[in-house]
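For the record, the sequence lines run as chains A and F.
So the first sequence is numbered by the numbering used here: it starts at 753 and just counts up by one.
So the second sequence is numbered by the numbering used here: it starts at 753 and just counts up by one.
Number of protein chains: 2
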Amino acid sequence: MPDGRGDGGTGLPPSLEVAWGLRERPAKGPRPGLSLGRIVAAAIGVAAAEGIGAVSMGRVAKELGVSTMSLYRYVSARDELYVLMEDSAFGPPPPTPDDVTGWRARLEWWARAQRAVFHRNLWLLRIPISSPPASPHALQWMERGLAALNGTGLDDGRRISVIMLVGGYVRNEATLMADLTAAVTARGETPAEVMRRYERTVGALIGTDPAPGPDRYPALRRLLASGALGEPDDSPDAEFEFGLRCVLDGVEALLPRNG
Amino acid sequence: MPDGRGDGGTGLPPSLEVAWGLRERPAKGPRPGLSLGRIVAAAIGVAAAEGIGAVSMGRVAKELGVSTMSLYRYVSARDELYVLMEDSAFGPPPPTPDDVTGWRARLEWWARAQRAVFHRNLWLLRIPISSPPASPHALQWMERGLAALNGTGLDDGRRISVIMLVGGYVRNEATLMADLTAAVTARGETPAEVMRRYERTVGALIGTDPAPGPDRYPALRRLLASGALGEPDDSPDAEFEFGLRCVLDGVEALLPRNG
DNA sequence: CAGTACTGTGTATGGCATAAGCATTACCGT
DNA sequence: ACGGTAATGCTTATGCCATACACAGTACTG
């Protein structure tokens, strides 16, 4: 391995090996005044307050009272910092209560816990996924998801597919919610107002009146007329649970025998 | 409305109203040498060749042989250009063949068509979703998705939920694939090699040997031992169809009566 | 033919990631 | 005790980027 000449032969960037607890502090130079932990915490503070877009190397450095370039002693690129922020924000998966038994309840618990993390850290959803999970907490979450499927007759290949399916659903739903709240905070409106404005926009675009020729948007027009866009009758949580139930029903249909 | 004083009272940015065919060419100034269409086409060309990261205002302008700032006569911000690129790349949904009948077949067709678009334009997946769909083709796709659910007893609220669920699944799966192919082209490896390298990394991180204390990663370890990560027995297409079947099974479980 | 609205453009500002080189520091082996 | 060495934090510089602003030319309206 000419490249990663550090401790672990993991092929990971040095900062991630530090996060994994591999790699000792080198015994030579001056004692570091900074630490990965402090940098990541500062970055998360900025992201939480002003969104991921405000997290620049310069900004984080200013927050810590150091120069921009000193951060590069700890992190070799901004994207690496993003990965560490992600790992830190997720933290370890919370312990599953004892009364949560059976694959379905366990997966639901897993999904809701993940959703809670996204809701607490909306900026997470703006970080593009760049590589398969290899940070400490990410693998712990993956472990938990896989373990939830114990007892189902699914083979290992299917298990990854299932947890990627469920995890993807959670992320997707959370992203839609985050987009809505972003629109809400951008202007000074309530979610209901945003949706009603969207409803009005679509109405103006496809024409609220049936139009002269053949109708190109019958289904959309009926949706608009129903008012389901502007006044959803479900709470966001209920919406999430609805989709989750769908997905898990689909998973259940896969199982060889019973539940 | 003090803001959007143009033709349509849509509340949309001017460029989008142009894309919708509202807004005449103003009869006053010099005839424009550029057009939204040419700009968007050039931008898509850059994105297709070098990824969305290469699509900067300066770069697109250079491609067209004009100055950077002239683009701002047609588009008020880069993100607006992104929306137009997205709309153009999607195009209208392809016509559904006559032998595709029933909600399930129609939704499958819709999902596969959408996936095909993503596969042809991987850069699409790197554009963050900023606002609810309001571009011409986006609404056509939405219309098609809603119409696919005709005949099911689902009410309109459920229908949006379902198409967002399916659409989200497609996008998610396509993104994972795009990430993989990005990793593939970044280094000079085959997909199988990338996955095997990942397998090795995870092995090095959690320790391939059972470790001394209690095992923190039993499920992951078993997954690794099974080789399911490194050598998935399904093709990417089969993987997609598997997830799609899951999701649609879940949808089917919602329906009031039969299929 | 003057007014006007629109065009493309040049210039300027302020931000960004990051490469390269420098002085300083603390440990290692002697 | 002390030179060698490797790591630290910093300054400076490069080359991107989005975009505000002001200007000169252009084609239509009255």
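Note that the Cβ used here is the ideal one computed from N, Cα and C, for glycine as well.
None of the values given here were measured: they were computed from a predicted structure.
* Beta-carbon gap between A/E991 and F/S913 smaller than 8 Å -> Here A/E991 is near F/S913, since their CB atoms are less than 8 Å apart.
* Asked: From the beta carbon of A/R911, is the nearest beta carbon of chain F less than 8 Å away?
  -> Taking 8 Å as the CB threshold, A/R911 lines the interface with chain F.
* **Candidates A/R923, A/P845, A/T953, of which the one nearest A/A900 by Cα** => Among A/R923, A/P845, A/T953, the Cα nearest to that of A/A900 belongs to A/P845.
* Asked: Taking buried to mean at least 16 other C-beta atoms within 10 Å of its own C-beta, is F/M821 buried or exposed?
  -> Its Cβ having fewer than 16 others within 10 Å, F/M821 is exposed.
* To do: Answer with yes or no whether the minimum CB distance from A/G854 to chain F is below 8 Å.
  => So, not an interface residue.
* Short Cβ contact (8 Å threshold) for A/L972 with A/V954 -> Yes. Within cutoff.
* Burial state of A/N873 (16 or more Cβ within 10 Å) -> Buried.
* **Members of the segment 940-973 of chain A that neighbour chain F once the beta carbon cut-off is set at 8 Å** => Listed in sequence order: R949, Y950, R952, T953, V954, A956, L957, I958, R968, Y969, P970, A971, L972.
* Would A/P849 be called buried (16 or more neighbouring beta carbons within 10 Å of its own) or exposed? -> Of the other Cβ atoms in all chains shown, fewer than 16 fall within 10 Å of the Cβ of A/P849; this residue is therefore exposed.
* If we cut at 8 Å on Cβ distances, does A/M894 have a partner in chain F? -> With 8 Å as the cut-off, A/M894 counts as an interface residue toward chain F.
* Assign F/T853 to buried or exposed, taking buried as 16 or more other Cβ atoms, counted over all protein chains shown, within 10 Å of its Cβ. => Flag for F/T853 reads exposed.
* Could you work out which residue in F/L981, F/T937, F/V922, F/P884 is closest to F/G995 when comparing CA atoms only? => With distances taken between Cα atoms, F/G995 lies closest to F/V922.
* To do: Measure the C-alpha to C-alpha separation of F/S840 and A/Y824 and round it to an integer number of angstroms.
  => For F/S840 and A/Y824, the distance between alpha carbons rounds to 40 Å.
* To do: Tell me whether A/N902 is buried or exposed, calling it buried when 16 or more other Cβ atoms sit within 10 Å of its Cβ.
  => By the neighbour-count criterion, in which a residue is buried when 16 or more other Cβ atoms sit within 10 angstroms of its Cβ, A/N902 is exposed.
* Touch test, the segment 809-819 of chain F against the segment 869-883 of chain F, Cβ-Cβ under 8 Å, three pairs minimum -> Short answer: they don't touch.
* Out of A/K814, A/F842, A/V792, which has the shortest C-alpha to C-alpha gap to A/R830? -> Ranking the options by Cα distance to A/R830, first place goes to A/V792.
* Asked: In three-state terms, what does DSSP make of F/T933?
  -> In this structure, F/T933 counts as helix in the three-state DSSP scheme.
* Asked: Is it the case that the Cβ atoms of A/L876 and A/E815 are separated by a distance below 8 Å?
  -> It is not a contact, given that the beta carbons lie outside the stated cut-off.
* F/G940 versus A/D989: straight-line alpha-carbon distance, rounded -> Those two C-alpha atoms are separated by around 44 Å.
* For A/S887, is the classification buried or exposed, using 16 other Cβ atoms within 10 angstroms of its Cβ as the cut-off for buried? -> Classification for A/S887: buried.
* Asked: Within the 8 Å Cβ cut-off, does F/Y834 reach chain A?
  -> Not an interface residue.
* Is the CB-CB distance between F/L1000 and F/L898 below 8 Å? -> Contact flag unset, no.
* CB A/I879 to CB A/I796, shorter than 8 Å? -> In this structure, A/I796 does not lie closer than 8 Å to A/I879 by Cβ.
* Asked: Closest Cβ-Cβ distance between A/A886 and chain F: below 8 Å?
  -> Chain F has a Cβ within less than 8 Å of the Cβ of A/A886.
* To do: Indicate the three-state DSSP secondary structure (helix, strand or coil) for F/I912 in the structure shown.
  => When secondary structure is reduced to three states using DSSP, F/I912 falls in the helix class.
* Going by Cα to Cα distance, which pick from F/D851, F/P766, F/E802 is closest to F/L836? -> Among F/D851, F/P766, F/E802, the Cα nearest to that of F/L836 belongs to F/P766.
* To do: Report the neighbours of A/F994 on chain F: residues whose CB is nearer than 9 Å to its CB, in chain order.
  => What A/F994 touches in chain F: R910, S913, L917, L1006.
* Asked: Hey, how far is the Cα of F/P984 from the Cα of F/L768?
  -> CA-to-CA, the gap between F/P984 and F/L768 works out to about 43 Å.
* To do: Out of F/L891, F/M809, F/R864, F/V827, state which residue places its alpha-carbon closest to the alpha-carbon of F/G843.
  => F/G843 has its Cα closest to that of F/L891, out of F/L891, F/M809, F/R864, F/V827.
* Over the uninterrupted alpha helix (DSSP H) stretch that includes A/D961, give me the two end residues. => Looking at the DSSP string, A/D961 is not in any alpha helix (DSSP H), and its letter there is neither H nor E.
* **Boundaries (first-last residue) of the alpha helix (DSSP H) holding A/V792** => That run of the alpha helix (DSSP H) goes 788-802.
* If you draw a straight line from the C-alpha of F/L981 to the C-alpha of A/A806, how long is it? -> Their backbone Cα atoms lie some 36 Å apart in a straight line.
* Are F/S883 and A/A935 close, meaning C-beta to C-beta below 8 Å? -> Their beta carbons are under 8 Å apart, which means F/S883 touches A/A935 by this criterion.
* Proximal residues to F/V1003 (C-beta, below 7 Å), its chain only, five neighbours per side dropped -> The beta carbon of F/V1003 sits closer than 7 Å to the beta carbons of V914 from its chain, once the five residues preceding and following it are set aside; these are given in chain order.
* Asked: Residues of chain F with CB under 8 Å from A/E991, in chain order?
  -> Contact annotation for A/E991 against chain F: S913 [CB-CB distance below 8 Å, chain order].
* Beta-carbon separation of F/L957 and A/W893 under 8 Å? -> Taking 8 Å as the Cβ cut-off, F/L957 and A/W893 do not qualify as a contacting pair.
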